[in-house]
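Beneath this line is the structure, given in structure tokens, with notes to follow.
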Amino acid sequence: MPKLTKEQLEKVKYVSIPDLYAKLDRIEGFDEKVQFATNYLLSHGMDGASTDYTFEEAIHFARLKLIDESKKLRDKIYNDEEGPDPADLYVDYNENAVNPYAEDEKDDIENQFFMGNPAEYLKAKAEKHIKQIGAMDNVEAGIERSYRMNCERLSKSLTKQMSTKILLAEEKGMTVENIKARLETKYGSREMFNKIEKETHPGFIARTFGTRSNAGKNFDEVYAAFNNPKHALYGNMAALERATTQYLDYKNSKKSAAEKAVGLAVKEPKEGLAENILKAIQEQKANDEVFKPIVGTAVRRNLTQDSVDRVKGVEIEENPNRVPLVLDLDDDNEEELDDSMESDMELDDEMEKQSDDPSVSA
117 MPKLTKEQLE KVKYVSIPDL YAKLDRIEGF DEKVQFATNY LLSHGMDGAS
167 TDYTFEEAIH FARLKLIDES KKLRDKIYND EEGPDPADLY VDYNENAVNP
217 YAEDEKDDIE NQFFMGNPAE YLKAKAEKHI KQIGAMDNVE AGIERSYRMN
267 CERLSKSLTK QMSTKILLAE EKGMTVENIK ARLETKYGSR EMFNKIEKET
317 HPGFIARTFG TRSNAGKNFD EVYAAFNNPK HALYGNMAAL ERATTQYLDY
367 KNSKKSAAEK AVGLAVKEPK EGLAENILKA IQEQKANDEV FKPIVGTAVR
417 RNLTQDSVDR VKGVEIEENP NRVPLVLDLD DDNEEELDDS MESDMELDDE
467 MEKQSDDPSV SA
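In the working numbering, the protein residues as written are 117 to 478.
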């Protein structure tokens, strides 16, 4: 694992799950997404900062998002003629590979470790960061010191028992939580989502005098039931999808042909919420196709850091002259991360040529 620079540490400071998702969307390569998510999680609650989700929940949502990305790559392999041939990839031997673009087991084993034993995976990464940053006595006050202290704090709770707790919750089902996190992401933050959701609640007049349409009333009731642990429809995604679709069909039927053609109709907050709910459901349904098979396969391997190291072999010493990977996620016109990695590779190739050239003095 490359050493984190101060600049990178500033970028991976935990803000929220919507913030993590937005930043992951701007990172190109799957391995880079995993690396960023890992480092981001290890800053959870740093310096006593409040967080939107518990550490266990944040670990789940980070892995959920990575499986979203895995599903997109799988679709490209199997549905896009220009996608890579699976016969040339590890997924041809392990259909539940986390990264479908991995070329062999060594390329995917740590991803499987993250999916099957997330707490111990993060503990190993935290310990590596602690070692890389160095002894606390030698670290000045600042982001590096805070990150090291946070890795120490979190590593105490990162046990097999925590992994089991996370996996059991996922096996039981987290549909309501997953949809909520996806909606918060679509609105940019929990605060904005709560604001919009509050605006869509039926007012006193609508409830008392029945000014809502049947489709709108049904949507309101099913959405409330979906989020109510005491209701029979709690977490029933199929019922919510049906009610949401019927409501949107009703709203669409009230628009003129011109409005439909050029999208002139102004959407009410409730209609916008319904559209985002439907998108969140569609994303979750796609995720459901692969999440449990991928995670289940990884769990059955019962991976530990020792078993991962045996698959990967001896880790090559970090090149001291390597150009650090810079995660500049604030600039919309940033160069893709793969370009930075390509620069690293070119530097290594040039150094290797020089070492082989007898004209270059030792």
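For glycine and all other residues, C-beta sits at the position ideal for the given N, C-alpha and C.
Test item: CB-CB of residue i and residue j under 8 Å
i: Ile410; j: Asn212; result: yes
i: Val415; j: Arg190; result: no
i: Asn155; j: Val131; result: no
i: Ala390; j: Thr413; result: no
i: Ile282; j: His160; result: no
i: Ser305; j: Pro134; result: yes
i: Arg179; j: Met231; result: yes
i: Lys192; j: Gly199; result: yes
i: Met278; j: Ala240; result: no
i: Gln248; j: Lys395; result: no
i: Cys267; j: Ala242; result: yes
Neighbour-count burial assignment, residue i, 16 or more Cβ in a 10 Å radius
i: Ser273; result: exposed
i: Asp184; result: buried
i: Ser271; result: buried
i: Ser329; result: exposed
i: Tyr217; result: buried
i: Leu238; result: buried
i: Glu123; result: exposed
Cβ distance (whole Å) where residue i is taken to contact residue j below 8 Å
i: Asn215; j: Asp204; result: In fact, because the Cβ distance is near 14 Å, the residues do not count as touching under 8 Å.
i: Gln400; j: Thr291; result: 7 Å
i: Arg269; j: Ile246; result: Arg269 to Ile246, Cβ: 11 Å. No contact.
Nearest neighbour of residue i, chosen from the options [CA to CA]
i: Glu387; options: Thr420, Pro345, Ser132, Glu313; result: Glu313
i: Ala331; options: Ile175, Tyr237, Lys370, Ala165; result: Lys370
i: His317; options: Asn294, Glu307, Pro385; result: Pro385
i: Val424; options: Thr280, Asn195, Ala355, Glu221; result: Glu221
i: Lys383; options: Gln398, Leu125, Lys367; result: Lys367
DSSP three-state assignment for residue i, whether helix, strand or coil
i: Tyr169; result: coil
i: Arg306; result: helix
i: Val150; result: helix
i: Leu158; result: coil
i: Asp141; result: helix
i: Lys181; result: helix
i: Thr121; result: coil
i: Ser132; result: coil
i: Val212; result: For clarity, residue 212 is Asn in the given sequence; the question names Val instead. Residue state, collapsed to three classes: coil.
Chain D contact for residue i (CB, 8 Å cutoff)
i: His160; result: In the structure shown, chain D does not exist; there is a single protein chain.
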